[in-house]
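Below is one structure; the comments refer to it alone.
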Amino acid sequence: MNKDDLDLRVKIAGVELKNPVTTASGTFGSGREFKEFIDLNALGAVTVKGVSSVPWKGNPAPRIAETYGGMLNSVGLQNPGVEEFIKNDIPFLRQYDTKIIVNIAGRTIPEYCDVAEKLSNTDIDLIELNISCPNVKEGGVAFGTDPKMAEEVTREVKRHTKKPLIVKLSPNVTDITNIAKAVIKGGADGLSLINTLIGMRIDINRRKPILANVVGGFSGPAIKPVALRMVYQVAKVVSVPIIGMGGIATGEDAIEFIMAGASGVAVGTANFRNPRATIDVLNGIKEYMIKNKIKSLKEIRGII
Amino acid sequence: MREIKKLIVLENKLISSNIYSMVLQSKGLAKISKPGQFINLYCREGSRLLPRPISICEINKLEDTIKLVYAVVGAGTKEFSNIKVGEKIEALGPLGNGFIIEKDKTKNIIVGGGIGVPPLLELAKNLNGEIEVYLGFRSKSILIEDFKKYGAKVHVATEDGSEGFKGNVLELMKKNNVNGSIIYSCGPKPMLKAVAKWAKKKNIPMQVSLEERMACGIGVCVGCVCKIKDKNQSDWQYKKVCKDGPVFWSDEVIWDE
Ligand SMILES: Cc1cc2nc3c(=O)[nH]c(=O)nc-3n(C[C@H](O)[C@H](O)[C@H](O)COP(=O)(O)OP(=O)(O)OC[C@H]3O[C@@H](n4cnc5c(N)ncnc54)[C@H](O)[C@@H]3O)c2cc1C
Ligand SMILES: Cc1cc2nc3c(=O)[nH]c(=O)nc-3n(C[C@H](O)[C@H](O)[C@H](O)COP(=O)(O)O)c2cc1C
Ligand code: FES
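Line by line, the protein sequences give chains A and B.
For the first sequence, this note's numbering puts the final residue at 304, and the numbers step up evenly by one.
For the second sequence, this note's numbering puts the final residue at 257, and the numbers step up evenly by one.
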């Protein structure tokens, strides 16, 4: 068996990716910075940084703190808005033979819907709805932590777009399967998980939090066991495809997520340590398949 | 394609308390580097996930080497200090935009503070005209003789007075009635801010090299931001130190924090 015999294709929300490897939103920009390091054509899909209906300035610096085997970020979804994105980034990505997944952010349901609607007539493949954003109307509670709100925002966004819809789940909940079921009721065609956990660090010499925002999103290899557990739990109770993420840095990591039930795998924070991480993960998956005589990932998906 | 390279360490020696000078065989990096750019150094210990950005202190295109000068401040730089000559270190670069060298300026002023001094050395090598260097340290100076080698006139201030002028670098500049056609600067933010304010009053254009906590160093994470005024100065945006900087014109920077 060699690399050409492998069938790496996966279907996510009705869209076929040539392989399961994509990028985690916010860790790959729109791919521009990575074209110097890797061949973007090799990726199953590029998931771009979160876009909102109008430009967002983001949070004050410091926005980054390293943690043991991971990191915290409080970027605050800084982005130039959906119109700039459509003008600059879609034409760039369309030069490549890879699917485009657009991660969308909003502070209110109409804001989310506006982005989804504007993307409807563009040449993108999938929308990934980030429901971890704080809801300004509900006083900062994230849409993703309340099943009713999660269902409602999913339903409304779905109504405003023709594109297949993936909903990205927050791990900062007591039972992630409740949220998963709620968004599927709202019409989600697929799920991605997990977003960042919430963490903090303190500079004991300055006696102050390292992040200007005090708390931030925790990501990287350190969170992998939590992410894997959540993918496993959700995969047991839903039938839509899942993109798994959280600390994936190697092919072995990706195989773990696939065995737990993921169809796609997204590489996030690992891109910061190794700009070729996506390709290394893809090659690692192939090597595992060859070594274990697996022709299609279907043979191992969700076997746990 | 660009990649993280494993570079051989040719020198890694203590030059002052807690400060090391590291020379790397650069695998072509020297040829394309400019003063004010930096490189990412990666730790071997996997729990230290993020790259450590370190400025390029000197570039030797002929021998294909670069020199870095770094302070041991935490676990990552501690790890670097233990690397032996002949071993390899993972590095990516050059990153960022360096200083904009204004060749027509007749009198260059360089202002450096503490561990912000190293990138100014390669800059000094590349300037035309007269160069006056003002360096401030807490107690012990670094790289003074190196600046002199390149024909610069060097003035030192130390906070505790153990070397040169007792006080900060701006006080020394004021005392010497400094004037010039351009200022290039790198150092702690309070120093940059104070010198920028003074430069504005004197109407001297000034470039500053900023520092911020980074995750990628290549412009994707949007972690390393500073507030930069728009062209018409009516609003501002968070710009990336790693990609849009680290060097900015001082009058573009909003110094509030
Ligand atoms: C553009 C740029 C150029 C730099 N050039 C030099 C140089 O020439 N010489 C030198 O000694 N230092 C330089 N620094 C600072 C240097 O990057 C930090 O001192 C170093 O990363 C500390 O790592 P550590 O593991 O020892 O410290 P730790 O505190 O253990 O590091 C933990 C995390 O915080 C980050 N961090 C800590 N301090 C800083 C800091 N001051 N700036 C940015 N990130 C920080 C680290 O990168 C790491 O991600 C530069 C920083 C920047 C942004
Ligand atoms: C710097 C940074 C920015 C991020 N931005 C977004 C974003 O815009 N939208 C989103 O849904 N998730 C965002 N995330 C979360 C990641 O997409 C991913 O879910 C999470 O980091 C876990 O994966 P990892 O451990 O592989 O990074 C961001 C993560 C990081 C580290
Ligand atoms: S460090 Fe990632 S954008 Fe500058």
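All C-beta atoms in this analysis are idealised placements derived from N, C-alpha and C, irrespective of residue type, glycine included.
Decide if residue i is buried, meaning its Cβ has at least 16 other Cβ atoms within 10 Å, or exposed.
i, result
"methionine 71 of chain A", "buried"
"leucine 297 of chain A", "buried"
"serine 17 of chain B", "exposed"
"glycine 46 of chain B", "exposed"
"threonine 302 of chain B", "Here chain B has residues from 1 to 257 only, and residue 302 of chain B is not among them."
"lysine 201 of chain B", "exposed"
"aspartate 7 of chain A", "exposed"
"arginine 206 of chain A", "exposed"
"methionine 1 of chain A", "exposed"
"glycine 151 of chain B", "exposed"
"aspartate 244 of chain B", "buried"
"leucine 307 of chain A", "In the structure as shown, chain A begins at 1 and stops at 304. Residue 307 of chain A is therefore absent and cannot be evaluated."
"methionine 1 of chain B", "exposed"
"glutamate 252 of chain A", "exposed"
"leucine 290 of chain B", "An answer regarding residue 290 of chain B cannot be provided, because it is not within the stretch 1 to 257 covered by chain B."
"asparagine 59 of chain A", "buried"
"isoleucine 218 of chain B", "buried"
"isoleucine 179 of chain A", "buried"
"glutamate 122 of chain B", "buried"
"serine 74 of chain A", "buried"
"serine 162 of chain B", "exposed"
"asparagine 40 of chain B", "buried"
"threonine 98 of chain A", "buried"
"proline 190 of chain B", "exposed"
"aspartate 203 of chain A", "exposed"
Can you check which of these residues, the options, is closest to residue i by C-alpha distance?
i, options, result
"glycine 216 of chain A", "A:Val237, A:Glu16, A:Asp5 and A:Ala61", "A:Ala61"
"tyrosine 134 of chain B", "B:Lys103, B:Ser185, B:Ser234 and B:Gly161", "B:Ser185"
"glycine 264 of chain A", "A:Pro20, A:Arg9, A:Asp5 and A:Lys3", "A:Pro20"
"aspartate 64 of chain B", "B:Leu24, B:Gly74 and B:Ile39", "B:Leu24"
"proline 53 of chain B", "B:Val253, B:Tyr238 and B:Leu210", "B:Leu210"
"isoleucine 101 of chain A", "A:Ile294, A:Asp114 and A:Ile124", "A:Ile124"
"asparagine 112 of chain B", "B:Glu132, B:Asn82 and B:Asn12", "In the sequence as displayed, the identity of residue 112 of chain B is glycine instead of asparagine. The option with the nearest alpha carbon to glycine 112 of chain B is B:Glu132."
"proline 241 of chain A", "A:Ile258, A:Val214 and A:Ile176", "A:Ile258"
"valine 241 of chain B", "B:Lys125, B:Met22 and B:Cys226", "B:Cys226"
"threonine 145 of chain A", "A:Lys168, A:Leu126 and A:Ala262", "A:Lys168"
"serine 239 of chain A", "A:Ile223, A:Leu282, A:Ala212 and A:Asp189", "A:Asp189"
"valine 157 of chain A", "A:Thr177, A:Ala180, A:Lys137 and A:Leu129", "A:Leu129"
"isoleucine 109 of chain A", "A:Asn88, A:Glu152, A:Ala222 and A:Leu282", "A:Glu152"
"histidine 155 of chain B", "B:Gly136, B:Pro51, B:Pro119 and B:Ser33", "B:Gly136"
How do the segment 140-153 of chain B and the segment 165-176 of chain B stand: do at least 3 beta-carbon pairs fall below 8 Å, yes or no?
no
Around ligand 5, what residues have a beta-carbon under 5 Å from a heavy atom of it, in chain order?
Looking for ligand 5 in the displayed structure turns up nothing; the ligands present are ligand 1, ligand 2 and ligand 3.
Are the segment 224-237 of chain A and the segment 191-202 of chain A touching by the rule of at least three beta carbon pairs closer than 8 Å?
yes
Between the segment 52-76 of chain A and chain B, which residues of the former have CB atoms less than 8 Å from a CB of the latter, in chain order?
Lys57, Gly58, Pro60, Ala61, Pro62, Arg63, Ile64, Ala65, Glu66, Tyr68, Gly69, Gly70, Met71, Asn73 and Val75
According to a CB-to-CB cut-off of less than 9 Å, which residues of the segment 196-227 of chain B neighbour chain A?
Glu212, Arg213, Met214, Ala215, Cys216, Gly217, Ile218, Gly219, Val220, Cys221, Val222, Gly223, Cys224, Val225, Cys226 and Lys227
Members of the segment 261-281 of chain A that neighbour chain B once the beta carbon cut-off is set at 8 Å:
Thr269, Asn271, Phe272, Arg273, Asn274, Pro275 and Arg276
Scan the segment 224-245 of chain A for residues whose Cβ lies nearer than 9 Å to a Cβ of chain B and list them as they occur along the chain.
none
Are three or more beta carbon pairs between the segment 60-78 of chain B and the segment 288-297 of chain A nearer than 8 Å?
no
What are the uninterrupted segments assigned as beta strand (DSSP E) that are 3 or more residues long and contained completely in the segment 114-185 of chain B, given in chain order?
130-137 and 153-158
Residues in the segment 2-32 of chain A having any Cβ partner in chain B nearer than 8 Å
Gly26, Thr27, Phe28 and Gly29
Does the segment 8-22 of chain A come into contact with the segment 200-219 of chain B, if we say contact requires no fewer than three beta-carbon pairs (one atom in each stretch) closer than 8 Å?
no
Hey, which unbroken runs of the alpha helix (DSSP H) at 4 residues or more fall wholly within the segment 106-179 of chain A?
109-120 and 147-159
Compile a chain-ordered list of the residues in the segment 207-219 of chain A whose CB is closer than 7 Å to at least one CB of chain C.
Of the protein chains in this structure, namely A and B, none is chain C.
Counting only runs that start and end within the segment 4-73 of chain B, where is the beta strand (DSSP E) found for 3 or more residues in a row?
5-16, 19-25, 38-42, 52-55, 58-60 and 65-71
Output needed in chain order: residues of the segment 25-54 of chain B with a Cβ under 8 Å from some Cβ in chain A.
Tyr42, Gly46, Ser47, Arg48, Leu49, Leu50 and Pro51
Check whether the segment 83-96 of chain B and the segment 6-15 of chain B touch, using three or more Cβ-Cβ pairs below 8 Å as the test.
yes
So does the segment 84-96 of chain A actually touch the segment 38-48 of chain A, counting three or more Cβ pairs closer than 8 Å?
yes
Of all the residues that make up the segment 33-44 of chain A, which are near chain B by a beta-carbon distance shorter than 7 Å?
Glu33, Glu36 and Phe37
What residues in the segment 144-159 of chain B have a beta carbon less than 7 Å from any beta carbon of chain A?
none
Chain B contacts made by the segment 76-97 of chain A, where a contact means CB separation under 8 Å:
Gln78
Return the chain-ordered ranges of every alpha helix (DSSP H) run that is complete within the segment 73-116 of chain B and spans a minimum of 4 residues.
75-81
Taking three-plus beta-carbon pairs below 8 Å as touching, is the segment 67-85 of chain A in contact with the segment 144-164 of chain A?
no
Is the number of C-beta pairs between the segment 21-32 of chain A and the segment 270-278 of chain A that are closer than 8 Å three or more?
yes
Short-range partners of chain A found in the segment 122-136 of chain B, where Cβ spacing is below 7 Å:
none
Can you list the alpha helix (DSSP H) stretches of 4 or more residues lying completely in the segment 222-293 of chain A, in chain order?
224-237, 251-260, 270-273 and 277-291
Quick one, which residues of the segment 68-84 of chain B are near chain A if we go by CB-CB under 8 Å, in chain order?
none
Which ranges does the beta strand (DSSP E) cover as unbroken runs of at least 3 residues, wholly within the segment 16-46 of chain A, from first to last along the chain?
21-23
Against chain A: residues of the segment 3-21 of chain B by CB proximity under 9 Å:
Glu3 and Ile4
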